[in-house]
Amino acid sequence: MLRRRLNRLFGGDEGRVHSRTIYVGHKSCPPNEAYIPPKFCDNRIVSSKYTVWNFLPKNLFEQFRRIANFYFLIIFLVQVIVDTPTSPVTSGLPLFFVITVTAVKQGYEDWLRHKADREVNEYRVSVLEDGRRIRKMSAKIKVGDIVEVEEDETFPCDLILLQSSRDDGTCFVTTASLDGESNHKTHYTVADLESDLQYLSATIECEQPQPDLYKFVGRMHIYRNSQEPDVRSLGPENLLLKGANLKNTQKICGVAVYTGMETKMALNYQGKSQKRSAVEKSINAFLLVYLFILVSKALVCTTLKYVWQSKHDETWYNEKTQKEKETNQYLKMFTDFLSFMVLFNFIIPVSMYVTVEMQKFLGSFFITWDKDFFDPEIQEGALVNTSDLNEELGQVEYIFTDKTGTLTQNNMEFIECCIDGFQYKHGDGSSELDGFCVTDGPVNKIQQKAGREREELFLRALCLCHTVQVKESTKQRQDQNDQFDQIDQVDGLGLDHGFLDPPQKEMGFIASSPDEIALVKGAMRYGFTFLGLESKNMKILNRNKDVETYELLHVLNFDPVRRRMSVMVRSKTGDILLFCKGADSSIFPQVRQEEVERIRMHVERNATEGYRTLCVAYKHLSAQEYARADADLREARLALQDREEKLMAVYNRVETDMILIGATAVEDQLQDEAAQTMEALQGAGMKVWVLTGDKMETAKSTCYACGLFKKNTELLELTLRTLEDGGRSREERLHDLLLEYHKKAVQDAPPVKLGITRSWSVAGHDYGFIIDGASLSMVLSSSSEPNSRRYKNLFLQICQNCTSVLCCRMAPLQKAQIVKLVKNSKGNPITLSIGDGANDVSMILEAHVGIGIKGKEGRQAVKNSDYAIPKLKHLKKLLLAHGHLYYVRIAHLVQYFFYKNLCFILPQFLYQFFCGYSQQPLYDAAYLTMYNICFTSMPILAYSLLEQHICIEVLLEHSTLYRDIAKNAMLRWKLFLYWTALGIFHGLVFFFGVRFLFSNPALQDNGQVFGNWSYGTIVFTVLVFTVTLKLALDTRHWTWINHFVIWGSLAFYVFFSFFWGGIIWPFLKHQRLYFVFANMLSSVSAWLVIILLILLSLLPEILLVVLRKPRGPHARQLAEGGLLQASRSLLSHHFPTST
């Protein structure tokens, strides 16, 4: 005992420095030792990012890390420090507006997180202290506290289950908030504990906190009197996780082992890596161009200023001061350069960032509000976890989809089974042996006795080899064997009761997997009913209505590496049996090979038909074999280090030399409209890859059913089966197959026609590619680096020239590797991953856009996704309608912002040529400040939220329209140059049109001459009206909001100009616009020029509208034949130079 205590103190064997010791109930163990409370974190949860004290500095630091914000901060500081022609307010106010709006948004989001944290931390829980039940806040729970939780309550921290109200020492939980699985999981109390926990004296040694939800290693030392402590192993089945809910159990008691930010739930909370859209990258590229234009303008003006000064003498009214004369010439030139930078800096649209952010944030609500995404079955609609990628939904080129639960419903129904080569299909009474049907009954008459024994052995295996529990009835049960509550807690499906006798019609099951319930129900069809587990005894009702009892000795749990699970049971006669079920690939190597062939035929046929198959085997264990296995299992379960590896070794040693009995087939039906959705997505030019852990035959059948593979599709298969053909090494065979497939799919493929973005769009041969996990590992990690790189390139080229790709037997990490490989390939195509289970999270996080399905495999995928939808069929509208519109809207927003700012600042640049490069502003400071914030911001925001250049029905019906915007078509350099040229044209018209007006010296009846501020005001008026009406001409879908903001913005500009110039403002040193606007409008010439310049600027646009006759809002009325052409015409009108 002393040695053990020293080991615990100094970190003895098995690396206990990596473990923690917990005193149950904060009692010293043994009782005569002094208790020194260990230090662990409290149970507070903190998911918020800011506090009241650090919000301002931290938020400002994060915002000024953005290049645009930092640039405008520098401009603002230059205006404050250097004598510049414009007031610091002109750049400071827009920057303040952007920073404030972003800070308010982020502060509000963090306030919501604080609110959620407060609700969790102040939740009242029951804690047992000295035999008394005390209510305290969840945040005050400490490691070692004994916590009591009642039915339907949430566990406040990670607990080891000590006591349960159920007689069998179990409890049921749901972990929907952790991995999203709504299935009931069974957890077990630590065996042989005191009934009164007040007298329990124990310590727990367990691993330090780590995020794996399904892994826990520990052991409990129980002290009784002065005896050596009893040791109990602890595993995941004893651990109740924070966030899980207690179900079908009145109450439990458990000891807290991990609290607060050390719970598995908190450790799994991680911010997803920031994903950047293609639009954001285009914005940055365009900004660099405009920054270059800005610097060029400043350099030109600075140079010309000194050239002009060298040719003209100093004017008498603008003599230099003594200080200016003494200033260093180069410093003066640099100061002038900065002044010109400040004067022209409005060409960089700072407000565009906040407009884009508001457009994304507000636009995401349209997905949430879309009634077509509402699913009445789960009473939920779509969910947007990030609004930064809305436009990326319109740019998807590759879709990576899971199979089970995504393409299929994860809705298991027992179809048939095979026993010793006989096919059993409920209802038809026929069987087949080696292909021959026997119609006289389920068993061959010649082998009737042997057949019946095997048949019953198979059905017993289905009834015993599982982790299913019978659901307790809420009413008091009169007969344990006959009264059941027929409610399926896994999938909520109704059950066909026609084959059951009346007393058995109320059976209900709870399990962690719908497959297991389907198999138990399948056994019921043939007369064997599982009655439940009581005190380690499993009861089944056989065909003769006799109850058979088996003692459950050990459960060898399922894991994805072994792909099988087993149970050891002892019958009443003392026989010890091991029953095992699993995938064919994991069972066949473990059984006698002479029995495999007669079962393999049925397994492959069922897989080809799209059914999920499992093989069933058994083994008699002698007393010596069981004693050894029992000792090895107990030793492995007590290990703190490498427990999984030690258990795996024991499992593999026990599960050998088994006898194969038969196989089962379970159907997982296709999702609603799965085939139509896949057809539409392929029609839109997207390539669909199916990544699944299922066997090839099952997945291939699903691909055919979904229409991903057609009847005429030639399948190129790269699997272990094809690699082992030919008698050569796998590496050589891999090399040959890749070259052969590359020649077929790439080299011999017909050339792609101009304008067609997908190879199968032309008349040619369709190819489908199939690869399994083992072959993929060889492709990705070949023995030599040059070969590996070459294999990857060949593999990618083959896949990119196939209509669809199927990757089967994939591990979760391999799914992510595939996505990463395609994402980083030539051209950096936009990828989308969609799945519904925790095994899909890695590929969802890896792809540009991740979509979770709110399915039956849990909500882990939903939590880690960017968008979540209830069903696969909703993906069609999400991409073809929402994605298309979001992209077109934001592309127009970006191009329009650069265009209107170029229109704004070009006249200011031209004005310098006529004012001696004196840095004289053309516009008043109020106009400089308000242009992007008030006068032109709301119309483009409304447009970017509401525009529908093509109605949604047409977009859904004609999926090929999606191709017209593929590969960032609306933000290419050609279109950017078009908008830039348009901005230059309008800027030249504004400036020189007004200059032509001013060639007449007397513009008013009284002979007075307009000044420079009148000049700038007329230019600005033409500018505001032109850019706003340009947007009105581009609008195809008019709503009352569009009318309100467009005409309202123009009215506000007129009102503001009258108001700003009609009052003497005491805080202004120079009131430059006093009555300028009103005086300007008193001139008929000014009116005429304003109207003519607006019409002249918009004339090309008006001609386009008239000649093309766009009919976007009336697309429903278009003739079927001309519909597509008209829609494409609208696209080309929207972006005139697109092809």
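Heads up, the sequence shown is in our numbering, so the first residue is 9 and it goes up one at a time.
Backbone N, C-alpha and C define an ideal beta-carbon position, used for all residues, glycine too.
Among the options, the one whose alpha carbon lies nearest that of residue i
| i | options | result |
| --- | --- | --- |
| ARG143 | ILE149, GLY152, ARG132 and ASP153 | ARG132 |
| PHE373 | PHE921, LEU886, LEU68 and LEU936 | LEU886 |
| ILE525 | ASN419, TYR619, VAL624 and TYR534 | ASN419 |
| ARG897 | HIS192, LEU467 and VAL364 | VAL364 |
| GLY691 | TYR406, SER873 and GLY1069 | TYR406 |
| ASP160 | GLY177, ARG140 and THR183 | THR183 |
| PRO45 | ALA639, ILE53, ARG52 and ILE30 | ILE30 |
| PRO357 | PHE1063, ALA252 and LEU302 | LEU302 |
| TYR894 | TYR1061, GLY262 and LEU397 | LEU397 |
| ALA647 | GLU213, ASN940 and CYS49 | GLU213 |
| TYR196 | SER543, ASN872, ASP638 and ARG741 | SER543 |
| GLN928 | LYS1038, LEU221, LYS823 and SER95 | SER95 |
| VAL870 | GLY891, LYS193 and GLY389 | GLY389 |
| LEU351 | ILE375, ASP383, TYR361 and ALA306 | ALA306 |
| ILE423 | TYR314, ARG533, MET686 and ILE584 | ARG533 |
| GLY516 | VAL1113, LEU401, LEU539 and GLY535 | LEU539 |
| THR685 | PHE48, LEU880 and PRO820 | LEU880 |
| GLY991 | GLY924, TYR970, LEU103 and TYR907 | TYR907 |
Limits of the unbroken beta strand (DSSP E) element including residue i
| i | result |
| --- | --- |
| ILE212 | 210-215 |
| PHE430 | 430-433 |
| MET576 | 572-578 |
| CYS623 | 619-629 |
| LYS223 | Careful: LYS223 lies outside any beta strand (DSSP E) and carries neither H nor E. |
| GLY352 | Looking at the sequence provided, one finds Phe at residue 352 rather than Gly. Not the beta strand (DSSP E): PHE352 falls in the alpha helix (DSSP H), residues 337-352. |
| PHE408 | 406-409 |
| VAL857 | 857-861 |
Beta bridge counterpart(s) of residue i as assigned by DSSP
| i | result |
| --- | --- |
| MET666 | VAL599 |
| SER1007 | None; SER1007 has no bridge partner. |
| LEU678 | THR416 |
| TYR1199 | Residue 1199 is absent from the structure shown; the chain starts at 9 and stops at 1147. |
| ARG141 | LEU136 |
| ALA671 | CYS426 and CYS623 |
| GLU643 | Beta-bridge pairing links GLU643 to no other residue. |
| CYS588 | SER574 and ALA625 |
First and last residue of the uninterrupted alpha helix (DSSP H) at residue i
| i | result |
| --- | --- |
| ILE2 | Outside the displayed range of the chain (9 to 1147) lies residue 2, so it cannot be described from this structure. |
| GLU612 | 604-616 |
| THR178 | That residue, THR178, is in no alpha helix (DSSP H); its beta strand (DSSP E) goes 178-183. |
| ALA1086 | 1084-1088 |
| ASP744 | 738-750 |
| MET786 | 781-788 |
| SER27 | SER27 -> not in any alpha helix (DSSP H); beta strand (DSSP E) instead, spanning 27-31. |
| GLY371 | 358-377 |
Residue-level contact to chain C via CB, residue i, 8 Å cutoff
| i | result |
| --- | --- |
| GLN216 | Looking for chain C here will not work: only one protein chain is present. |
**Request:** Report yes or no: do the stretch 195-210 and the stretch 285-297 share at least 3 C-beta pairs separated by less than 8 Å?
**Result:** Segments in contact, no.
**Message:** Report the start-end ranges of each alpha helix (DSSP H) in the stretch 509-562 that is 4 residues or longer and not cut off at the edges.
**Reply:** Whole alpha helix (DSSP H) segments, 4+ residues: 522-533.
**Item:** Three CB pairs or more closer than 8 Å across the stretch 555-572 and the stretch 588-596
**Value:** The stretch 555-572 makes contact with the stretch 588-596, as at least three CB pairs between them are under 8 Å.
**Message:** If we require 3 or more residues per run, which beta strand (DSSP E) segments fall completely within the stretch 230-275?
**Reply:** Runs of the beta strand (DSSP E) inside the stretch 230-275: 238-242, 253-255 and 259-266.
**Request:** Check whether the stretch 397-417 touches the stretch 979-997, counting contact only when three or more Cβ pairs, one atom from each stretch, lie closer than 8 Å.
**Result:** No, because fewer than three Cβ pairs between the stretch 397-417 and the stretch 979-997 fall closer than 8 Å, the two stretches do not touch.
**Message:** Just to confirm the assignment: which complete beta strand (DSSP E) runs, minimum length 3, are found wholly within the stretch 885-940?
**Reply:** Those beta strand (DSSP E) runs which fall completely within the stretch 885-940 and span 3+ residues do not exist here.
**Request:** Starting from the N-terminal side, write out each stretch of the beta strand (DSSP E) that is 3 residues or longer and does not extend beyond the stretch 980-1005.
**Result:** If we require 3 residues or more, the stretch 980-1005 turns out to have no beta strand (DSSP E) run fully inside it.
**Item:** Cβ pair count under 8 Å reaching 3, the stretch 118-135 against the stretch 235-243
**Value:** The stretch 118-135, when compared against the stretch 235-243, does not touch it at the 8 Å Cβ threshold.
**Request:** Determine, using beta-carbon pairs with one atom in the stretch 1019-1029 and one in the stretch 921-933, whether at least three such pairs fall under 8 Å.
**Result:** The answer is yes - the stretch 921-933 touches the stretch 1019-1029, with three or more Cβ pairs under 8 Å.
**Item:** contact_flag[the stretch 913-924, the stretch 414-430] where n(CB pairs < 8 Å) is 3 or more
**Value:** These segments do not touch.
**Prompt:** Is the stretch 803-813 close to the stretch 775-782, with three or more CB pairs under 8 Å?
**Reply:** In short, these stretches touch, since the Cβ pair count reaches three.
**Prompt:** Does the stretch 669-688 touch the stretch 715-730, meaning 3 or more C-beta pairs lie closer than 8 Å?
**Reply:** Judged by Cβ distances under 8 Å, the stretch 715-730 makes contact with the stretch 669-688, as three or more pairs qualify.
**Request:** At 4 residues or longer, and completely inside the stretch 67-101: list those alpha helix (DSSP H) runs for me, N to C.
**Result:** Listed in chain order, they are 75-89.
**Item:** Ranges of the alpha helix (DSSP H) found wholly within the stretch 801-837, counting only runs of at least 4
**Value:** Within the stretch 801-837, the complete alpha helix (DSSP H) runs of at least 4 residues are 820-831.
**Message:** For the structure I just gave you, are there three or more beta carbon pairs, one from the stretch 55-74 and one from the stretch 109-123, closer than 8 Å?
**Reply:** With the cut-off at 8 Å, the stretch 55-74 and the stretch 109-123 touch.
**Touching by the beta-carbon criterion (3+ pairs, under 8 Å), the stretch 934-945 and the stretch 654-663** = No, they do not touch.
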